[in-house]
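Below you'll find the structure, written out as structure tokens, and then a few comments.
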Amino acid sequence: MPTVLNIVSPMDALPPPKMEGVDVKVFYGAKQALFDVSLPVRNRSVTAMIGPSGCGKSTFLRCLNRMNDVILGARVEGAITLDGQNVYDKTVDVVQLRARVGMVFQKPNPFPKSIYDNVAYGPRIHGLSANKAELDGIVETSLKKAGLWKEVADRLDQPGTGLSGGQQQRLCIARAIAVSPEVILMDEPCSALDPIATAIIEELIDELRQNFTIAIVTHSMQQAARVSQYTAFFHLGYLVEYGETRQIFTNPKEARTQAYITGRFG
Amino acid sequence: MANLAQPATTRLNSPQAVARRRRQYMRERAIEALLFACAAVSVVVTLTIVLVLIRESLAFFSHVSIVEFLTSRTWTPLFSDAEYGILPLVLGTLLSSLVALLVALPLGMVIAIYLSEFAGARVRETLKPFLELLSGIPTVVYGYFALLIVTPLLQATILPNLPGFNVLSAGIVMGIMIIPYISSLSEDAMRAVPDSLRDGSLAMGATRLQTSIKVVVPAAFSGLAAAAVLAISRAVGETMIVAIAAGQQPNFTFNPTESAATITAYIAQVALGDLPHGSIAYQSIFAAGLTLMAMTLVFNLAAYWLRKRFREAY
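Going down the list, the protein sequences come from chains A and G. Position one of the first sequence corresponds to residue -2 (the working numbering), numbered consecutively onward. Position one of the second sequence corresponds to residue 13 (the working numbering), numbered consecutively onward.
Shown next as structure tokens:
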């Protein structure tokens, strides 16, 4: 197991890290986007990553389920652990990893299929259900957990693309949780949504943390303050400060964090 | 230079400026008219062709009943006891096109999936010109290829009783010819699918192949269907390959291992001969041509409809 570096000294009350970045460096071609980031994502809690555009917060998030693999010329150094195992290890199957670490994107991206088929997509490719009844059950439970069931129960065969933006994003959340991941990554999940849809998603995130570990990238500091228990502030590819959300927003240790959260730059 | 010191409105309203704007306006209008004329040429030519086809066909149908034309199973306009049933020719056309599609659709789609979802930029840029070359080969070469290579090959291997002229060889070779139509239109359709959908699928733990087949292909369905239909349309209109390799005997058959004539092959065969101008046989060419045009029109409309109907807006 690689050395665990904690920026704040872990207190007994803090949940253990579910995932952890250790000295993570990311390069896009010759350009380095992330510098020695060490950051825990604690079990069954919400970790928010904030910072101005281009600060590396999304880059770090995409390391957690190796979505950077898709980007041509991207290179990751350091270690990302999931339950202590390095996900960049050669023996790790990226398909397995992504089944355990799900993701919700900035723009809702339902597949051009029915609502049912969207949610059933993951269980089907991973062979998680033995029969139709079981699959029906997974779809229903997932939609309920995503708070969408009541709105779509009578039209599961309608295309997912026909829903409103906020419903589409909840559909994407249902799709992600249908494979029972342990961690859910959210890359600015509300940036394309109106305030009401945003409030619903935020409420949902708070419920989901009972069962899942959540890492969320957000542009909105109010959102980070509302939904997260831990906050990491990134700037220019460096992790500037990490701590409990209350501490970061009320009593930041770093001057740059203070300046950012009070709106002096960003 | 002194002008620059004046307020902008004064300069803009000076007689020179007004005259210049007027000239500019006239020139714009002239260019616009020219562009319109160029676009109008294609419409005028198409309409003229259709009018000629209809006029000669009307003359034909004043001798031959339209019911016989559409229902009789015999097409012998050059015989003394002539019969004018277009069905054998239509069937020959559809049969050869169907064989072509059965060859081109799977191959073209697989190529498109590979090029769009798997091939790196360099492989793609190397492969595509070669692929486009397939449609650049003169069809007369394809025709002899079907007659002199593919047919003997089939006879020597799986179909020893295959006649020298047959629909199967012509269809197979025609299929090879239309592969680039299907693959390049399909590739365009698949590349138009936004990466956000691929990311969504990959992030679910799907492999690239699963992502291609379960997400990208359905998302690009309208484009893929349109590509297939346009390729059929191209196959239906193809002349040389079928004229050379499929035989020129109108034959009411559903069996591709027999010989048959297509509409195009009939027209090519008869139009070269010395038919007296104005005879029924001469007019039959136009009736056949009109039928062919109606068929391709239907296919093109179907492609247009498919593209609109199943289009996914992103």
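Using N, Cα and C, we set each Cβ at its ideal position, and we do this for glycine too.
Using the three-state DSSP reduction, which class does residue i fall into: helix, strand or coil?
i                : result
Tyr96 (chain G)  : strand
Asn65 (chain A)  : helix
Met13 (chain G)  : At Met13 (chain G), the pLDDT of 48 sits below 50, so the modelled position is not reliable; the number obtained from the coordinates is stated separately. Here Met13 (chain G) sits in coil by DSSP.
Thr169 (chain G) : coil
Leu180 (chain G) : helix
Thr210 (chain A) : strand
Arg261 (chain A) : coil
Pro268 (chain G) : coil
Pro14 (chain A)  : strand
Val23 (chain A)  : strand
Ala229 (chain A) : strand
Thr303 (chain G) : helix
Phe157 (chain G) : helix
Asn106 (chain A) : coil
Ile149 (chain G) : coil
Ala189 (chain A) : coil
Met9 (chain G)   : There is no way to answer for residue 9 (chain G), as the model of chain G reaches only from 13 to 326.
Ala71 (chain A)  : strand
Thr251 (chain G) : coil
Asn83 (chain A)  : strand
Phe142 (chain G) : helix
Ser55 (chain A)  : helix
Gly119 (chain A) : helix
Ser264 (chain A) : Absent from the structure is residue 264 (chain A), since the part of chain A shown begins at -2 and ends at 263.
Val149 (chain A) : helix
Glu131 (chain A) : helix
Lys250 (chain A) : coil
Pro175 (chain G) : coil
Val98 (chain A)  : strand
Would you report the Cα separation of residue i and residue j, rounded to the nearest angstrom?
i                 : j                : result
Ser6 (chain A)    : Tyr239 (chain A) : With a pLDDT of only 48 at Ser6 (chain A), under 50, the local geometry of the prediction cannot be trusted, and the value read off the model is given with reservation. Near 11 angstroms, if we compare the C-alpha coordinates of Tyr239 (chain A) and Ser6 (chain A).
Ala238 (chain G)  : Leu318 (chain G) : 6 angstroms
Asp86 (chain A)   : Gln93 (chain A)  : 13 angstroms
Phe311 (chain G)  : Gly119 (chain A) : 37 angstroms
Asp33 (chain A)   : Glu200 (chain A) : 33 angstroms
Leu107 (chain G)  : Asp184 (chain A) : 53 angstroms
Phe285 (chain A)  : Asp200 (chain G) : Nothing in the structure corresponds to residue 285 (chain A), since chain A is present only between -2 and 263.
Glu137 (chain G)  : Asn106 (chain A) : 30 angstroms
Ile66 (chain G)   : Leu69 (chain A)  : 58 angstroms
Arg59 (chain A)   : Leu302 (chain G) : 59 angstroms
Leu101 (chain G)  : Gln260 (chain G) : 10 angstroms
Leu221 (chain G)  : Ser177 (chain A) : 23 angstroms
Met13 (chain G)   : Ser26 (chain G)  : Residue placement at Met13 (chain G) is flagged as unreliable, the pLDDT there being 48, under the threshold of 50; the coordinate-derived value follows with that caveat. C-alpha separation (whole angstroms): 14 angstroms.
Ile258 (chain A)  : Lys250 (chain A) : 12 angstroms
Ile275 (chain G)  : Gly249 (chain G) : 8 angstroms
Met100 (chain A)  : Ala175 (chain A) : 12 angstroms
Val23 (chain A)   : Thr78 (chain A)  : 16 angstroms
Met16 (chain A)   : Gln164 (chain A) : 29 angstroms
Ser50 (chain A)   : Leu143 (chain G) : 43 angstroms
Tyr37 (chain G)   : Arg134 (chain G) : 47 angstroms
Met(-2) (chain A) : Gly81 (chain A)  : Model confidence at Met(-2) (chain A) stands at a pLDDT of 43, short of 50, so the residue's coordinates are unreliable and nothing is read from them.
Gln219 (chain A)  : Pro14 (chain A)  : 24 angstroms
Using beta-carbon positions only, say whether residue i and residue j come within less than 9 angstroms of one another.
i                : j                : result
Ala258 (chain G) : Asn178 (chain G) : yes
Ala150 (chain A) : Glu137 (chain A) : yes
His232 (chain A) : Arg253 (chain A) : yes
Asp277 (chain A) : Ile112 (chain A) : Coverage of chain A is limited to positions -2 through 263, which leaves residue 277 (chain A) absent and any answer about it impossible.
Gln255 (chain A) : Glu241 (chain A) : no
Leu132 (chain A) : Ala143 (chain A) : no
Ala299 (chain G) : Ile98 (chain G)  : yes
Thr56 (chain A)  : Ala30 (chain A)  : yes
Leu245 (chain G) : Ser198 (chain G) : Here residue 245 (chain G) turns out to be Ser, not Leu, going by the sequence shown. Taking 9 angstroms as the Cβ cut-off, Ser245 (chain G) and Ser198 (chain G) do not qualify as a contacting pair.
Ile211 (chain A) : Ile181 (chain A) : yes
Ile297 (chain G) : Glu68 (chain G)  : yes
Thr269 (chain G) : Pro175 (chain G) : yes
Gly157 (chain A) : Pro109 (chain A) : yes
Gly235 (chain G) : Ile122 (chain A) : no
Gly104 (chain G) : Ala273 (chain G) : yes
Ala277 (chain G) : Ala94 (chain G)  : no
Trp87 (chain G)  : Pro262 (chain G) : yes
Asn62 (chain A)  : Arg95 (chain A)  : yes
How do the stretch 189 to 197 of chain A and the stretch 171 to 180 of chain A stand: do at least 3 beta-carbon pairs fall below 8 angstroms, yes or no? As far as the Cβ criterion goes, the stretch 189 to 197 of chain A does not touch the stretch 171 to 180 of chain A, which means the pair count is below three.
Report yes or no: do the stretch 215 to 224 of chain A and the stretch 172 to 191 of chain A share at least 3 C-beta pairs separated by less than 8 angstroms? When C-beta atoms of the stretch 215 to 224 of chain A are compared with those of the stretch 172 to 191 of chain A, three or more pairs fall below 8 angstroms, so the two segments count as touching.
Evaluate the contact criterion for the stretch 280 to 298 of chain G versus the stretch 247 to 261 of chain G: three or more CB pairs, one atom per stretch, below 8 angstroms. Yes, since at least three Cβ pairs between the stretch 280 to 298 of chain G and the stretch 247 to 261 of chain G fall closer than 8 angstroms, the two stretches touch.
Kindly confirm or deny that the stretch 227 to 238 of chain G and the stretch 162 to 172 of chain G touch, where touching means at least three C-beta pairs closer than 8 angstroms. In short, these stretches do not touch, since the Cβ pair count stays below three.
Report yes or no: do the stretch 108 to 117 of chain G and the stretch 168 to 186 of chain G share at least 3 C-beta pairs separated by less than 8 angstroms? These segments touch.
Quick check: the stretch 135 to 152 of chain G against the stretch 191 to 211 of chain G, are there 3 or more CB pairs under 8 angstroms? Touching, per the Cβ criterion.
Sequence ranges, alpha helix (DSSP H) only - wholly within the stretch 53 to 102 of chain G, length at least 4: Correct list: 78 to 83.
Taking beta-carbon pairs under 9 angstroms, can you tell me which members of the stretch 148 to 171 of chain G lie near chain B? Included in the structure are the protein chains A and G, with no chain B among them.
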